[in-house]
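Please read the structure below before turning to the comments.
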Amino acid sequence: MAAATQSLRTRTVTEDAVGIAFGLLALGAVALHAFHLDESPALQTFMLVMVSIVVEALPFILVGALVSAALAVFVSERGFARVARLPLAVQLPCAALGSFAFPVCDCGTVPVARRLLARGVRPQAALTFMLAAPVVNPLVLASTFVAYGGGRRGLEIAGARSGIALVAAIAIGVLVGGTVSLRGSGGASHDHADTFAGHLTGDFLSMGRFIVLGAALAALLQTVVPQSALARVAGTPVVAELALVAVAFALSLCSQANAFVAASLGAFGLGPQLAFLVYGPLADAKLTVLYSGTFRRLFALRVIAVAAPVAVVGSMLAARVIG
Amino acid sequence: MRIDARLARLTVIGSWAALFVVLWATGASSRYLGARTQWLVPFGAVTLVGALALALRGPRHGARLRAGEGIGLLLLCVPLVGALLVPHAELGAYAASHKSTGFFPAVKPKPPATPRDVTLLDVKVAQRDDFYALVSHIHRGTRVDLVGIVTHTGADSFSLTRFYITCCIADAQPLTIVVRSRARPQVDEWVRVVGPLTRDWGLAADHVTRVAKPSQPYLSFSPR
Numbered sequence: 014m015a016a017a018t019q020s021l022r023t024r025t026v027t028e029d030a031v032g033i034a035f036g037l038l039a040l041g042a043v044a045l046h047a048f049h050l051d052e053s054p055a056l057q058t059f060m061l062v063m064v065s066i067v068v069e070a071l072p073f074i075l076v077g078a079l080v081s082a083a084l085a086v087f088v089s090e091r092g093f094a095r096v097a098r099l100p101l102a103v104q105l106p107c108a109a110l111g112s113f114a115f116p117v118c119d120c121g122t123v124p125v126a127r128r129l130l131a132r133g134v135r136p137q138a139a140l141t142f143m144l145a146a147p148v149v150n151p152l153v154l155a156s157t158f159v160a161y162g163g164g165r166r167g168l169e170i171a172g173a174r175s176g177i178a179l180v181a182a183i184a185i186g187v188l189v190g191g192t193v194s195l196r197g198s199g200g201a202s203h204d205h206a207d208t209f210a211g212h213l214t215g216d217f218l219s220m221g222r223f224i225v226l227g228a229a230l231a232a233l234l235q236t237v238v239p240q241s242a243l244a245r246v247a248g249t250p251v252v253a254e255l256a257l258v259a260v261a262f263a264l265s266l267c268s269q270a271n272a273f274v275a276a277s278l279g280a281f282g283l284g285p286q287l288a289f290l291v292y293g294p295l296a297d298a299k300l301t302v303l304y305s306g307t308f309r310r311l312f313a314l315r316v317i318a319v320a321a322p323v324a325v326v327g328s329m330l331a332a333r334v335i336g
Numbered sequence: 002m003r004i005d006a007r008l009a010r011l012t013v014i015g016s017w018a019a020l021f022v023v024l025w026a027t028g029a030s031s032r033y034l035g036a037r038t039q040w041l042v043p044f045g046a047v048t049l050v051g052a053l054a055l056a057l058r059g060p061r062h063g064a065r066l067r068a069g070e071g072i073g074l075l076l077l078c079v080p081l082v083g084a085l086l087v088p089h090a091e092l093g094a095y096a097a098s099h100k101s102t103g104f105f106p107a108v109k110p111k112p113p114a115t116p117r118d119v120t121l122l123d124v125k126v127a128q129r130d131d132f133y134a135l136v137s138h139i140h141r142g143t144r145v146d147l148v149g150i151v152t153h154t155g156a157d158s159f160s161l162t163r164f165y166i167t168c169c170i171a172d173a174q175p176l177t178i179v180v181r182s183r184a185r186p187q188v189d190e191w192v193r194v195v196g197p198l199t200r201d202w203g204l205a206a207d208h209v210t211r212v213a214k215p216s217q218p219y220l221s222f223s224p225r
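So the sequence lines, in the order shown, correspond to chains A and B. Be aware that the first sequence starts at 14, since it is given in this note's numbering, and climbs by one per residue. Be aware that the second sequence starts at 2, since it is given in this note's numbering, and climbs by one per residue.
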C-alpha cells in the first residue's frame, strides 16, 4: 500500500514537472517577445540556424525510424539470429557493401544501427554500416560528383571521399565496436513497441530530441564564434585539415549537400576539403549529441578520437595521389 | 495533473507535420533551406503526415507520460517555439560579421539575360572569372541595380550584402559589395542601389532607396 502511494506520488511529481517545464517554455517565449529580446540579432541568428538544421535533419530521422520499425516488425527473430551467427569476417564486408544501397543522411542511419545492435548483429558491423552509409550511398556520391564539376575530377573526389569514409567506418567499427552498448529506450516509452506505429514514433521522438540538442550546439558555435579566422590557416598543412574538421563539426550539414559547401572552400587545398567531406557525416555536433544519447561509455568521444586522425591522414594521402 | 503519453506524442508529431506543411504551402522554406535541399520540405511534410496517421491508428493504452519522455518532447518543441517566436527573422549584419569566412560559393550561375537581372552573386562571380564577366557583360562601369541588406556603414560608403545558401542557413555565406554613397541607410535595412561598378569592383551609387525585404531574401543555386 505504502509502495503504491509512493509510486503514485512520484508519477504525479514527474507529470507535474513536465507540465511546469512546458509552462516555463511558453512563459520564456512570451517574456522574450514582451521585452523585445526576440529582436536581438544574435538570438535570431541562433534560432534560424537551429531551426534550419532540425528542418533538414528530421525527415531523414523519420526515414531511419521507418526502416528501423520495419526491421523490428517484419524481420523475424530467427532471421536476425541467423545473421548474428555469421562470423565477423563476413558481417563486416556485408555491412560495408550494404551501406552503398541505403540512400539516407547521417541522422537516418543511427536508428537503423540501434535496431541492428538490439537484434544481435555484431556491433562492429552495425557501426560500420551506420558510419559508412551516409557517405558512400549513391545520392551522396552523385552530389559530390556534381559539386566538383563532374568528369574525371568529380569521379576522383567522389571515389576518394567514399574510400576514406569506408576505411574510417571500418576502423571505428573494429576499434570502438567491442566496447559499444546501447542506452535504454532513451526515455521514449515503448508501451506499444510490438506495433509498427509504436516503434516508429518511439524511435523518431527519441532520436529527434538529440537532433534538437545537437542543432542547438551547432547554432551556438556559429552564433558565438566568428569564422573569419579560418582564412588565415588555409595554407598550413595539417592545421588546414584540422580547421575544416572543426568547421564540419560546427556546421553539422547534411551529407547529401555538404559537397557543394566543400567545393566552395577553394582557398583550402583538396586535402582539407576531403577531410571536411569525410569527417562531417561521421561525427559533427548534432551527431555527437545523438551518439551520446543512443550509446553508452563515451562512444561519441571514441568515434571522434578515431574519425579525426583517419579523416585527416586519409585526406592528405588522397590529395597527394590525385593532386 | 495527468498527461496521456500517446496524446503528447501525437501532439508533437502533429505540430512538426503542421510546420512542414505550412513551410511547403507558403514557400517559406527558403527562409531555412537552399534550393538544393528544398525538396526535403514536401518530403518531410508527406512523411510526417504519414507517420501521424500511423500513430493515430496505433493502440490506445492510455499510459501516463514519463518524465524522461516528457523532457524529450519538450526539447522537440523548442525549435517550433523558436520558429513561431521569430517568424520574420533573417540573417543580417550580426550574422555577416560572424559567418564571413572570405570564401566563395562554388557556383557558376547562367549569365543574366539583361543588366536588370544582375544580382550580387553575378557581380561577385564576374569579379573572379573573366570569361563569366565577358559573357554576362559585367565589367567596371556596368550599371547595375542591386537589392541587399546594409551590414556596415562608413563616412561616405556602406556595405551591401546578400547571403548565399548552399544546404541551409547553417552554411550561409555573406556576399558583400562596398557602395560609395552619401546616403545614410541604417544597418540591417534593405535597400536598392543603382549605379555603375567601379574599378575596384565597388559600386558608385546614383540612387539608394529603402525597399521591403524580398520574398526570397537569400540567394541560392538557381538554374535561372
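Where a beta carbon is used, it is the ideal one built from N, C-alpha and C, also for glycine. On a predicted model such as this, the values are computed, not experimentally measured, just so you know.
query: Which residues of chain A have a Cβ atom closer than 7 angstroms to the Cβ of HIS153(B), listed in chain order?; result: In chain order: nothing, as chain A lies at least about 13 angstroms away.
query: Between GLU169(A) and the rest of its own chain, which residues show a CB-CB distance below 7 angstroms, the 5 nearest in sequence each way excluded?; result: ILE335
query: Thinking LEU255(A) and VAL316(A) are a contact (beta carbons under 8 angstroms), I'd like their distance in whole angstroms, please.; result: Their Cβ separation, rounded to whole angstroms, is 17 angstroms, which puts LEU255(A) and VAL316(A) out of contact at 8 angstroms.
query: Return the residues of the region 261-277 of chain A that lie within a Cβ-Cβ distance of less than 7 angstroms from chain B, sorted by chain order.; result: LEU264, SER265, LEU266, CYS267, ALA270, ASN271, PHE273, VAL274, ALA276, SER277
query: Are the Cβ atoms of SER81(A) and ARG135(A) separated by less than 9 angstroms?; result: no
query: I think TRP56(B) touches ALA210(A), with their Cβ atoms under 8 angstroms apart; what is that distance to the nearest whole Å?; result: According to the sequence shown, residue 56(B) is Ala rather than Trp. Between ALA210(A) and ALA56(B) the Cβ distance is about 5 angstroms, and since that is below 8 angstroms, they are a contact.
query: Could you name the residues of the same chain whose beta carbon sits closer than 6 angstroms to that of LEU66(B), not counting the 5 residues immediately before and after it, in chain order?; result: ILE4, ALA6, ALA9
query: Output yes or no for whether 9 angstroms exceeds the beta carbon distance between SER305(A) and ALA313(A).; result: yes
query: Roughly how many angstroms separate the alpha carbons of VAL187(A) and LEU204(B), rounded to a whole number?; result: 58 angstroms
query: Take LEU53(B) and list the residues in its own chain whose beta-carbon comes closer than 8 angstroms to its own, dropping the five residues that flank it on each side.; result: LEU11, ILE14, GLY15, ALA18
query: In chain D, which residues lie less than 7 angstroms from GLU169(A) when you measure between Cβ atoms?; result: Absent from the structure is chain D; the protein chains it does hold are A and B.
query: Would you mind giving the Cβ-Cβ distance between PHE289(A) and ALA78(A), rounded to the nearest angstrom? I have them listed as a contact below 8 angstroms.; result: 28 angstroms between Cβ atoms; not a contact.
query: Can you pull out the residues from the region 277-298 of chain A whose beta carbon lies closer than 7 angstroms to at least one beta carbon of chain B?; result: SER277, LEU278, GLY279, ALA280
query: Helix, strand or coil for PHE5(A), going by three-state DSSP, please let me know.; result: Given a span of 14 to 336 for chain A in the structure shown, any question on residue 5(A) remains unanswerable.
query: At which residues does the alpha helix (DSSP H) containing THR214(A) begin and terminate?; result: 209-237
query: Looking at C-alpha atoms only, which residue of ILE166(B), ALA68(B), GLN187(B), VAL212(B) is the closest neighbour of ALA36(B)?; result: ILE166(B)
query: Which same chain residues, not among the five before or five after MET329(A), have their C-beta less than 6 angstroms away from its C-beta?; result: GLY284
query: Taking PHE222(B) as the reference, which of LEU122(B), LEU135(B), ALA64(B), ARG129(B) has the closest Cα?; result: LEU122(B)
query: Pull up the DSSP beta-bridge partners for ILE170(B), would you.; result: None, per the DSSP bridge assignment.
query: Return helix, strand or coil for ASP131(B), following the three-state DSSP convention.; result: helix
query: Rounded to a whole number of angstroms, what is the C-alpha to C-alpha distance between GLY142(B) and ARG129(B)?; result: 16 angstroms
query: Is the distance from the Cβ of ILE178(B) to the Cβ of LEU61(A) below 9 angstroms?; result: no
query: Helix, strand or coil for ILE150(B) per DSSP?; result: strand
query: Identify which residue in ALA26(B), THR27(B), SER137(B), THR154(B) has its Cα closest to the Cα of SER98(B).; result: THR154(B)
query: Would the region 41-48 of chain B and the region 20-27 of chain B be scored as touching if the rule is three or more Cβ pairs under 8 angstroms?; result: yes
query: Against chain B, does PHE217(A) count as a neighbour if the rule is that its beta carbon must be under 9 angstroms from one of theirs?; result: yes
query: How about SER175(A) and VAL159(A): do their beta carbons lie closer than 9 angstroms?; result: no
query: Need the endpoints of the beta strand (DSSP E) that TRP191(B) sits in, please.; result: 191-197
query: Please confirm if GLU69(A) has its CB atom under 9 angstroms from at least one CB of chain B.; result: yes
query: Against chain B, does THR157(A) count as a neighbour if the rule is that its beta carbon must be under 9 angstroms from one of theirs?; result: no
query: What is the rounded straight-line gap between the Cα of ASP119(A) and the Cα of VAL124(B)?; result: 36 angstroms
query: Out of TYR33(B), SER101(B), GLY196(B), ILE139(B), which one is the CA nearest neighbour of SER65(A)?; result: TYR33(B)
query: Using a cut-off of 7 angstroms between C-beta atoms, extract the partners of GLY221(A) located in chain B.; result: LEU77
query: Could you tell me which whole alpha helix (DSSP H) segments of length 4 or greater appear in the region 47-128 of chain A?; result: 54-87, 90-98, 101-111
query: Would LEU295(A) and LEU154(A) qualify as a contact pair, given that the criterion is a beta-carbon distance under 9 angstroms?; result: no
query: From which residue to which residue does the beta strand (DSSP E) around HIS1(B) run?; result: Because chain B spans 2 through 225 in this model, residue 1(B) falls outside it and cannot be assessed.
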